[in-house]
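Protein chains in written order, with the working numbering: chain C, 6 to 470; chain L, 6 to 470.
Glycine included, each C-beta is placed from N, C-alpha and C at the ideal position.
Quantities reported herein were computed from a predicted structural model and do not represent experimental measurements.
In structure tokens:
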């Protein structure tokens, strides 16, 4: 086995990169592979590279590492490119959010119906979407046969954009929250996981438990029976994103008739998100879920702690990384198992984001990327038939509205027509006047890191003013 | 020619009924037909019946008339049933609107994105939708082969509902505003109408000029060249619904790339409708269009005047009705020409509302009613191929969002689930809190004429409280 080459873009994100490296070390079929780490932040890149090499060496894994700040250099001869980069970082997100809040858009203009996740921007993120296309177009030139694993948010918008405007094979990846989500349900019902037959379907961050059988029988009556309002209300979350059994999840289930899974729980309508008080009611005390100001601050703290720890681990070679990251546990991320299954051919089931070709989800256009269960083997990707189908209420009141917001965001990005951004905000319940929508967009375009975005939106379309 | 039987439900609406009767008198192929007038308002019914008989007699037309307050009696042996009834009348609309405005919903909760027309309710109109189904189901029993001409609003929601839940042949009819709209464009450009090749497509009150050729060449560049902002802004409307060349229409055309036709101009987003001042800017002084408080008051005045005139004409048999309603002009309504074409078989072109079977409009489900040009002859209805197709921006940013609101309204009506009404309002930019949405719906349900609606929405679904 000569191994394959994996390029990780945005590798300075330590948690994510070390999870992938850990998984690679534990995957025998990928022994002999090389990993190219890319980040524009040299300090983070060096730290992650140091930890990755040490971890592999301590594990006795046969992996080669390289590091570079040049994406194009890295993807040379790559078989798989994993893009996890957040252009502009959390600082950029925060700056845009701050402008939004100044103009009356609580949690920023990118918090939208069915898309409240605080690092999933679709409107203010020109730089991010532009970079997605840059990576894909660079791959067309440099490694046209490689797979692009699109792990950076917004996965839904990004994977759809790339699949429409590039010939590269692209798959959208999310953390395995669906797995945690489905397991939470199974655990809370006290069922034997081996006897459960489940299916989820929808879009990234918008998936629903469409099939749930126990010993071949419909197990939804068990959920209806055991998951009571009283239970949900008295349950306290252990951490902000401990929301699978929250009152919001229960309410969505009761309204839509199926259980929302993983991050979908964060993506209800404004009903759950008007303000901190409302969020606390629906996602639990004290944080009000991941996407409140409190939940998000908690998460930023964790990110800072991890970054600090990364640097301190990297600077002290006497520390055993195997102790820090026990080698017997896989990360739960899907990327490495996916690469393994495709390369070495053991059939495995994943939940991935792929274009809706041959109408995997009926009623969704074929050029929209859906998140569905698939079987991966050497031959490629085999989507499961979605059966039973997604209920009409979920389609009409949740998925299609969410899909439209993806289309609107891409229409703005592709056309460079500022009026589209304005019109999207006119349809936002927080907008009271056209002037408000106009002002917030102009101020976001004026942010120093949005120079290229401003140029795009002010010079490309004849009607931009 | 033995003639056919036409039943007009809601015939007490004098303007509309007399237009139909006038058209019937002028249509030789329908000589010998009988007309059954139905209304629950006896005074109006008697007046219209009097005028209809006198008009036919003065015209020398061979038509028989009957009148009844009993719909089921009227549709016996009918070949065509025209439903134009507004259950609860304008008083009902006004009462619901008043409750809406009390709770912060300017122009009432039924004024919605892409559906701002003030007598086109989709949420508070349980009685109306229920009556649509009552008529259709009565026809299944009494005259199963008759055609139902659905002329009462909401035509989009109503025709879709009936086509899904009844086996009756149903067609949705609107006034010929598309005709007036297209002609306004042609006239303003100074073109020879005979050399214009046009097509419109969309939903009722949401149609767009998708094809516009002059002497076989694309004539959109003429519109772009001659229709300037300056022209639009300085133009004063002659009456409130004189809006085809309004700034709103121009703005919609420039944003969507095609000209909105007829009532579609009234159905932009909130951008044109925030308040009276905004409406004046976009629809012209002094009324701010048909759907402002001023435009609507103007229209109510006209309706009152017409009703008064109807009664005074009916009470004075010495007046010549032919002088009042000159016999040489057809009304422009499509109903009678449609009946004539279907009965007697001269091929004629109409713009009608029919289910989207065989994807007349690509990308819209087949069980949704679309408004498209069709050729009618003895064989039936032949929809035109829509070419060029509707642009993607119109589909994604206008038609599909409008379609979803139809689906949501029908989901509420069919399920009897009050939470659907609440959730629709949560997605309304005028809603600031869940409590506001809840309160306005509860108060509308408490209106005395909504007793059946209240029962439907409070007892049918397990989660209604």
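Roughly how many angstroms lie between the CA atoms of residue i and residue j, to the nearest whole one?
| i | j | result |
| --- | --- | --- |
| residue 204/C | residue 328/C | 36 Å |
| residue 290/L | residue 242/L | 7 Å |
| residue 460/C | residue 407/C | 28 Å |
| residue 434/C | residue 274/C | 11 Å |
| residue 468/C | residue 258/L | 12 Å |
| residue 393/L | residue 284/C | 47 Å |
| residue 105/L | residue 99/L | 10 Å |
| residue 237/C | residue 337/C | 27 Å |
| residue 277/C | residue 187/C | 22 Å |
| residue 125/C | residue 239/L | 44 Å |
| residue 64/L | residue 365/L | 41 Å |
| residue 42/L | residue 156/L | 15 Å |
| residue 271/L | residue 123/L | 10 Å |
| residue 151/L | residue 344/L | 11 Å |
| residue 399/C | residue 215/C | 10 Å |
| residue 370/C | residue 368/L | 8 Å |
| residue 175/L | residue 167/L | 7 Å |
| residue 295/L | residue 301/L | 6 Å |
| residue 372/L | residue 362/L | 7 Å |
| residue 418/L | residue 95/L | 21 Å |
How far does the beta strand (DSSP E) with residue i in it extend, from its first residue to its last?
| i | result |
| --- | --- |
| residue 204/C | 201–208 |
| residue 354/L | 353–360 |
| residue 97/C | Unbroken run through residue 97/C is the alpha helix (DSSP H), 94–107; no beta strand (DSSP E). |
| residue 385/C | 385–388 |
| residue 215/L | 211–219 |
| residue 382/L | 374–382 |
| residue 177/C | 174–177 |
| residue 39/L | 39–43 |
Report the neighbours of residue i on chain L: residues whose CB is nearer than 9 Å to its CB, in chain order.
| i | result |
| --- | --- |
| residue 89/C | Correct list: empty, because the minimum Cβ distance to chain L is about 29 Å. |
| residue 370/C | 368 |
How should residue i be labelled, buried or exposed, when 16 other C-beta atoms within 10 angstroms of its C-beta is the threshold for buried?
| i | result |
| --- | --- |
| residue 264/C | buried |
| residue 360/C | buried |
| residue 279/L | buried |
| residue 202/C | exposed |
| residue 249/L | buried |
| residue 93/C | buried |
| residue 387/L | exposed |
| residue 352/L | exposed |
Starting from residue i and walking both ways along the alpha helix (DSSP H), at which residues does that stretch end?
| i | result |
| --- | --- |
| residue 287/L | 281–288 |
| residue 413/C | 405–420 |
| residue 62/C | 47–64 |
| residue 318/L | 298–320 |
| residue 368/C | No alpha helix (DSSP H) contains residue 368/C, which DSSP labels as neither H nor E. |
| residue 434/L | Per DSSP, residue 434/L belongs to no alpha helix (DSSP H) and is neither H nor E. |
| residue 147/C | 131–147 |
| residue 349/L | 340–349 |
Quick one: list the residues of chain L neighbouring residue i, beta-carbon separation under 7 Å, in chain order.
| i | result |
| --- | --- |
| residue 167/C | Near residue 167/C there are no residues of chain L at all, since even the closest Cβ is about 18 Å away, more than 7 Å. |
| residue 263/C | Neighbours of residue 263/C on chain L: none; closest Cβ ~15 Å, over 7 Å. |
Starting from residue i, find everything on chain C with Cβ-Cβ shorter than 9 Å and list it in chain order.
| i | result |
| --- | --- |
| residue 434/L | 431, 432, 433, 434, 435, 436 and 437 |
| residue 406/L | 406, 409 and 432 |
| residue 320/L | Per Cβ cutoff of 9 Å: no residues; residue 320/L is ~51 Å from chain C at best. |
| residue 260/L | 422, 424, 425, 428 and 468 |
| residue 276/L | 427, 428, 431, 439 and 442 |
Mind listing the chain C neighbours of residue i? Cutoff is C-beta to C-beta under 7 Å, in chain order.
| i | result |
| --- | --- |
| residue 412/L | 401 |
| residue 118/L | 432 |
Give me the chain L residues within the contact set of residue i, using Cβ-Cβ distance strictly less than 8 Å, ordered along the chain.
| i | result |
| --- | --- |
| residue 279/C | 437, 438 and 439 |
- Item | Any 3 or more C-beta pairs closer than 8 Å across the stretch 322–339 of chain C and the stretch 290–307 of chain C | Short answer: they don't touch.
- Message: I want to know whether the stretch 165–184 of chain C touches the stretch 347–361 of chain C - three or more CB-CB distances under 8 Å.
- Response: A contact exists between the stretch 165–184 of chain C and the stretch 347–361 of chain C.
- On the three-pair Cβ rule with 8 Å, is the stretch 80–90 of chain L touching the stretch 125–144 of chain L? Between the stretch 80–90 of chain L and the stretch 125–144 of chain L there are three or more inter-stretch CB-CB distances shorter than 8 Å, so the stretches are counted as touching.
- Query: Is there contact here, the stretch 66–82 of chain L with the stretch 12–32 of chain L, by at least three beta-carbon pairs under 8 Å?
  - Reply: Here the stretch 66–82 of chain L lies against the stretch 12–32 of chain L, with 3 or more beta-carbon pairs under 8 Å apart.
- the stretch 443–463 of chain L touching the stretch 104–124 of chain L, judged by at least three CB pairs closer than 8 Å: Yes, since at least three Cβ pairs between the stretch 443–463 of chain L and the stretch 104–124 of chain L fall closer than 8 Å, the two stretches touch.
- Query: Would you say the stretch 7–20 of chain L touches the stretch 50–61 of chain L, given that touching needs at least three Cβ pairs under 8 Å?
  - Reply: Segments in contact, yes.
- Task: Determine, using beta-carbon pairs with one atom in the stretch 201–219 of chain L and one in the stretch 158–167 of chain L, whether at least three such pairs fall under 8 Å.
- Result: Three or more beta-carbon pairs separated by less than 8 Å link the stretch 201–219 of chain L to the stretch 158–167 of chain L, which places the two stretches in contact.
- Query: Quick check: the stretch 188–204 of chain C against the stretch 224–233 of chain C, are there 3 or more CB pairs under 8 Å?
  - Reply: Cβ pair count under 8 Å is three or more, so yes.
- Query: Any contact of the stretch 362–376 of chain C with the stretch 116–124 of chain C, i.e. 3+ C-beta pairs under 8 Å?
  - Reply: No contact exists between the stretch 362–376 of chain C and the stretch 116–124 of chain C.
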